[in-house]
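Single-structure report; data block below.
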Amino acid sequence: MNSKETLKKETAAVSNRYVLMGDKETDPEKKEHYYRLALEVEPKNVSALNKMGLFSYQNGKLREAIRFFDAVIGSGKVQNLYPIYFNKSMVLKELKEYEAALNYINKALKFDPQNLQAEVIKKELQDIVDEKYRRQDEREKQAAYSTTFKKEKRYSSWDPPTISILAHMIYYKDWHLYKHRRNFEITVTQREKIASKLASKEFCCGKCNFYRNNSTCKKKKNIQVDTQAICKAFQPGN
């Protein structure tokens with residue numbers, strides 16, 4: 003064994019001793035002190051990096067925790083990254099970066115697909131992300147309608163939703179999430195039926211959930227509408 007390899011082993015041994023000393027400590031300041039000493043001796047000690055990531059997370063230093071976890075991931079020394087990806091997902095969730103958190107919990111599940119705890123967290127994050135997109139979609143629609151209808155005292159345009167959107171409204175419960183559930187596909191028959199209803203104006207303001215008997219539209223803040231008109235907010239109902 004040459005002197006370089008010997009020095010490397012000795013350095014790793016010293017660094018690992020500091021990690022063990024930190025593990026035994028109950029005082030948070032001393033625990034952090036030993037972990038940081040371990041990293042001063044061996045900056046790429048993945049055990050020390052991971053311990054500092056957890057320590058930072060537990061003490062509310064979330065961005066710092068992410069940097070330590072990223073260093074472990076980038077080291078290429080860890081084969082089973084489940085705990086690292088899981089912990090990083092928890093930090094991102096705490097930061098309310100839900101899409102990034104969902105991405106990392108999915109990465110964690112690739113290493114342990116049957117992990118029930120991770121599955122529960124994934125479902126929670128997926129629900130949050132879906133709700134975020136639903137609200138965003140509603141805000142964008144409202145903004146578009148406000149811009150359009152401020153210019154019109156009465157709505158009489160023919161501007162229907164796409165056939166795909168209408169099909170998802172009719173055939174799938176979660177149609178409002180269609181952009182994010184692309185595995186929902188419509189058949190040729192379904193597409194033809196929707197196209198036929200549009201052509202015959204069976205889909206129109208007068209048949210919309212938002213239409214009122216006084217010819218106003220609830221969605222358009224009570225603006226008068228033609229019964230044979232249609233807009234992208236159309237929802238089949240009446």
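So the sequence shown is numbered by the working numbering: it starts at 3 and just counts up by one. Each residue gets a CB set at the ideal place from its N, CA and C atoms; glycine is no exception.
Under DSSP, Gln226 shares a beta bridge with Arg156, Thr218.
For Pro30, the uninterrupted alpha helix (DSSP H) run begins and ends at 30-43, by DSSP. Excluding the 5 residues flanking it on each side, Gln128 has same chain C-beta neighbours closer than 8 Å at Leu104, in chain order. Distance from Ser159 to Cys233 at the Cβ level is roughly 7 Å; contact confirmed, criterion being Cβ atoms closer than 8 Å. In the three-state reduction of the DSSP assignment, Cys210 falls in the strand class, which pools E and B. With three or more CB-CB distances shorter than 8 Å, the region 42-57 counts as touching the region 73-80. Here Lys221 is buried. Its C-beta has 16 or more other C-beta atoms within 10 Å. The bridge partners DSSP lists for Pro238 are Cys210. Under the DSSP definition of a beta bridge, Ile232 partners with Trp160. Around the Cβ of Lys6, a 10 Å sphere holds fewer than 16 other Cβ atoms; the residue is exposed.
Non-local C-beta neighbours of Ile130 in its own chain, meaning closer than 7 Å and more than five positions away in sequence, comprise Tyr100, ordered along the chain. Fewer than three pairs of CB atoms, one per stretch, sit closer than 8 Å, so the region 132-149 makes no contact with the region 208-217. The three-state reading of DSSP puts Lys125 in helix, counting H, G and I together. Taking C-alpha positions only, Lys112 is separated from Tyr106 by approximately 10 Å. One Cα belongs to Val93, the other to Leu51, and the distance between them is close to 15 Å. Of the candidates Lys109, Ala235, Glu96, the residue whose Cα lies closest to the Cα of Ala145 is Ala235. Of Ala40, Thr13, Phe88, the smallest CA-CA separation from Asp25 is found for Ala40. Of the residues assessed, Ala197 falls on the exposed side of the cut-off, its CB having fewer than 16 other CB atoms within 10 angstroms. Annotated as proximal: Leu56 and Asn89, with beta-carbon spacing under 9 Å. The C-beta distance from Tyr87 to Lys53 rounds to 17 Å, too long to fall under 8 Å, and the pair is not in contact.
Residues of the same chain with a CB within less than 7 Å of the CB of Glu27, apart from the 5 flanking positions on each side, are Lys33, Tyr36 in chain order.
Cβ-Cβ distances below 7 Å link Ser77 to Lys46, Val48 in the same chain, with the five nearest sequence neighbours on each side left out; the list follows chain order. Lys10 sits in a helix when the DSSP states are folded into three classes.
Only residues of its own chain outside the window of five on either side were considered, and among them Cys219, Lys220, Lys221 have a CB closer than 6 Å to the CB of Phe212, listed in chain order.
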